[in-house]
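Okay, so here's the structure we're looking at.
Residue numbers (the numbering used here): 2 to 104.
Quick look at the structure:
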């Protein structure tokens, strides 16, 4: 199931993804595969990091996702991150996320 979820997530990201994790002062330019592999190696989609709630919103008129995680030792969903997305329509076929800024 991890590889199916990872492939689905990668399909939404542009290959030259710009990723910034605040409050770090720099932005990394990484491939979508490296970004997803890093998130998965940190536990994404693994037991204990697989019970998510997401609320879509906007931040400064850009689409964003507020992600909450519930872990096995905590019955409450806790704020995990707010991810602001920059989405570019690359063709008439699909749009892709080109930049993710998370805090």
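Idealized CB from N, CA, C, for every residue including glycine. Please read all numbers here as calculations on a predicted model, not as lab measurements.
Would you say residue 20 and residue 85 are within 8 Å of each other, going by their C-beta atoms? Result no, Cβ atoms of residue 20 and residue 85 do not sit closer than 8 Å.
Suppose the cutoff is 6 Å on Cβ atoms and the five residues either side in sequence are ignored; what does the same chain contact list for residue 13 look like? 98, listed in sequence order.
Which value, in whole angstroms, describes the spacing of the CA atoms of residue 59 and residue 65? Rounded to the nearest whole angstrom, the C-alpha separation of residue 59 and residue 65 is 5 Å.
Contact belief for residue 31 with residue 10 at Cβ below 8 Å, rounded distance in angstroms: Between residue 10 and residue 31 the Cβ distance is about 14 Å, and since that is not below 8 Å, they are no contact.
Is residue 89 buried or exposed, if buried means 16 or more other CB atoms sit within 10 Å of its CB? Per the 10 Å Cβ criterion, exposed.
Identify which residue in 22, 8, 49 has its Cα closest to the Cα of residue 76. For residue 76, the closest alpha carbon among the candidates 22, 8, 49 is that of 49.
DSSP on residue 17, reduced to helix/strand/coil? Three-state DSSP puts residue 17 in a strand.
Opposing strand residues paired with residue 69 [DSSP bridges]: Paired residue(s): 54, 80.
For residue 36, collect the residues of the same chain with a Cβ closer than 7 Å to its Cβ; drop the 5 residues on either side in sequence, then sort them by chain order. So the qualifying residues of the chain are 14, 18, 20.
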